[in-house]
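Under this note's numbering, the very last position in the sequence shown is 355; numbers go up by exactly one each time. The C-beta atom is built at its ideal place from N, Cα and C for all residues, glycine as well.
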Amino acid sequence: IQECAKRTLSTAEGVRYKQFLRYVLLSGIMLFAGSEVNQMAQRATHMLEDKLAELYEAVRSQLQRRSDGDGELPELKGRALEIRPDGQSGWGICHHYFAHGPLSWLSPDASKRTLLSALCALVDLEAFPDLGALCQFAMPPQNRKELFLVHSPSQVQNLLQKFWQRVYAFWLSAAAKKAANKLQEIVSDMFQEEAEVKCRFVPCKPLSKIEESSPEALQTCIDTFGASDVSATGHILQSGIVRDIVRCSVVAADADEVLEMVSFFEGLTLVDRDMEVVAIQNDFCLENTERSYKDIKVTLQIHAAKHLHMLVEVKIIHHEYLELRKHLEVVQKILNGGFAQATSGARRGASL
Numbered sequence: 004i005q006e007c008a009k010r011t012l013s014t015a016e017g018v019r020y021k022q023f024l025r026y027v028l029l030s031g032i033m034l035f036a037g038s039e040v041n042q043m044a045q046r047a048t049h050m051l052e053d054k055l056a057e058l059y060e061a062v063r064s065q066l067q068r069r070s071d072g073d074g075e076l077p078e079l080k081g082r083a084l085e086i087r088p089d090g091q092s093g094w095g096i097c098h099h100y101f102a103h104g105p106l107s108w109l110s111p112d113a114s115k116r117t118l119l120s121a122l123c124a125l126v127d128l129e130a131f132p133d134l135g136a137l138c139q140f141a142m143p144p145q146n147r148k149e150l151f152l153v154h155s156p157s158q159v160q161n162l163l164q165k166f167w168q169r170v171y172a173f174w175l176s177a178a179a180k181k182a183a184n185k186l187q188e189i190v191s192d193m194f195q196e197e198a199e200v201k202c203r204f205v206p207c208k209p210l211s212k213i214e215e216s217s218p219e220a221l222q223t224c225i226d227t228f229g230a231s232d233v234s235a236t237g238h239i240l241q242s243g244i245v246r247d248i249v250r251c252s253v254v255a256a257d258a259d260e261v262l263e264m265v266s267f268f269e270g271l272t273l274v275d276r277d278m279e280v281v282a283i284q285n286d287f288c289l290e291n292t293e294r295s296y297k298d299i300k301v302t303l304q305i306h307a308a309k310h311l312h313m314l315v316e317v318k319i320i321h322h323e324y325l326e327l328r329k330h331l332e333v334v335q336k337i338l339n340g341g342f343a344q345a346t347s348g349a350r351r352g353a354s355l
């Protein structure tokens, strides 16, 4: 743990002491040295946070200059959509709707809903392995008996209520797979001649994360698109506010290279490279967070496939911040009880 505080868990020779530390902690050693381990983890946390503060002081004058701090989105240079529900042009909020445009099967306020077109849209994206899975999503088994008892279109719509609550999130999840392939293709091509630039591609966010709700997101969608009567607890397009369903990261060697990468992404257009910047979130502009991990998140609109646009996120990470985060995660897991189960197992074994 002390070596973790010194950021020496990984050596130039490739020795991975991080995995060895995890192995030791999973062995249940905290049963016999729990107090000492926690004390050292707290000390290591303070040391790493001090390093974060020192690094912030060294780079903030450079990196604070790049931000959409005023909250306004830059004017698009390529496929600028005039699709605002209120009739105005441009982007209302940073939302997938303003990337992919109006959907033929679902209006933003849910006043227009077409079941067959929605199912076709899911089939086009290969969202289901077979027809049975598609039908089960549209009409779960527990609702099928009720289907034979309905006598009016309104009763059918009531049975389809859950389908309409989830279909947009499901559609985004399926579209994300195509967008992820396109993002990896574009970014890998951009940096193929830059051997020292590390790109990391991660799996798309699972459906459960896309569907997570928050009061702020709900109110933002209501203010932008109008209220929806489909769900009493959420908006039908609320999932679209999750801009990092598809994401990757690139690591820069220093602050100068961070700025170069931001400028590079800002220079992309949908016309030339199938991608262009929509927003930039710069953690270096946040106040009173100098002892925290930071990066710059660039949200881009990507042309993922024919007639399919959506948002993706690229994190631009300073190399030293990445190293500090890796080591800080280890000690924070200790302090947050991440090895409590191993300790409990060791205690049960000792009592036999």
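Check: Proximity below 7 Å, CB of Lys-208 to CB of Ser-252; Outcome: no
Check: Among Leu-271, Glu-6 and Gly-31, the one whose alpha carbon lies nearest that of Ala-345; Outcome: Gly-31
Check: Residue environment, Asn-285, which counts as buried when at least 16 other CB atoms sit within 10 Å; Outcome: buried
Check: CA-to-CA distance, His-238 to Leu-137, given in whole angstroms; Outcome: 23 Å
Check: contact_flag[the segment 33-43, the segment 294-308] where n(CB pairs < 8 Å) is 3 or more; Outcome: no
Check: Assigned exposure category for Asp-192 - 16 Cβ within 10 Å defines buried; Outcome: exposed
Check: Range of the contiguous beta strand (DSSP E) that encloses Phe-251; Outcome: Per the sequence shown, residue 251 should be read as Cys rather than Phe. Per DSSP, Cys-251 belongs to the beta strand (DSSP E) from 250-255.
Check: Straight-line Cα distance separating Phe-35 from Arg-351; Outcome: 13 Å
Check: Identity of the residue in Gly-340, Val-333, Asn-339 and Leu-51 nearest Phe-23 by Cα; Outcome: Val-333
Check: Contiguous alpha helix (DSSP H) assignments of at least 4 residues, all confined to the segment 23-78; Outcome: 33-66
Check: Runs of alpha helix (DSSP H) lying entirely within the segment 188-230, each at least 4 residues, in chain order; Outcome: 210-213 and 218-228
Check: Span of the alpha helix (DSSP H), counted from its first residue to its last, around Asn-161; Outcome: 156-162
Check: Paired residues, beta bridge with Leu-314 - DSSP; Outcome: Gln-304
Check: Closest by C-alpha distance to His-99, when choosing among Gln-45, Ala-8 and Asp-247; Outcome: Asp-247
Check: Buried versus exposed call for Ser-347 [16 or more other C-beta atoms within 10 Å across all chains shown]; Outcome: exposed
Check: Chain-order list of residues whose beta-carbon lies under 7 Å from that of Ala-258 (same chain, five-residue window excluded); Outcome: Val-62, Gln-65, Leu-66 and His-321
Check: Residue span of the alpha helix (DSSP H) that contains Asn-291, given as start and end; Outcome: From DSSP, Asn-291 is part of no alpha helix (DSSP H); its letter is neither H nor E.
Check: Cβ-Cβ distance between Ser-176 and Leu-210 below 7 Å; Outcome: yes
Check: Heavy atom of the ligand HEM within 6 Å of Val-249 beta-carbon; Outcome: Looking at this structure, you won't find the ligand HEM or any other ligand, since it has none at all.
Check: Closest by C-alpha distance to Val-281, when choosing among Ile-213, Lys-329, Tyr-296 and Trp-94; Outcome: Trp-94
Check: Beta-carbon proximity check, Leu-186 vs Val-274, cutoff 7 Å; Outcome: no
Check: Touching by the beta-carbon criterion (3+ pairs, under 8 Å), the segment 99-113 and the segment 145-154; Outcome: no
Check: Arg-169 in three-state terms, based on DSSP; Outcome: helix
Check: One or two residues paired with Ile-283 in a DSSP bridge; Outcome: Val-301
Check: Distance between Leu-325 and Ile-4 (C-alpha atoms, nearest Å); Outcome: 18 Å
Check: Exposure label - Pro-111; buried when at least 16 CB within 10 Å; Outcome: buried
Check: Alpha-carbon spacing of Ala-47 relative to Phe-228, whole angstroms; Outcome: 48 Å
Check: Continuous alpha helix (DSSP H) stretch holding His-330: start and end; Outcome: 322-338
Check: The alpha helix (DSSP H) enclosing Pro-144, as first and last residue numbers; Outcome: 144-150
Check: Where Leu-109 sits in the DSSP three-state scheme; Outcome: strand
Check: Residue range of the alpha helix (DSSP H) that includes Arg-276; Outcome: 273-276
Check: Alpha-carbon spacing of Ala-83 relative to His-312, whole angstroms; Outcome: With a pLDDT of 37 at Ala-83, under the threshold of 50, the modelled position of that residue is not reliable, and no figure is offered here.
Check: Burial state of Val-245, where buried means 16 or more other Cβ atoms lie within 10 Å; Outcome: buried
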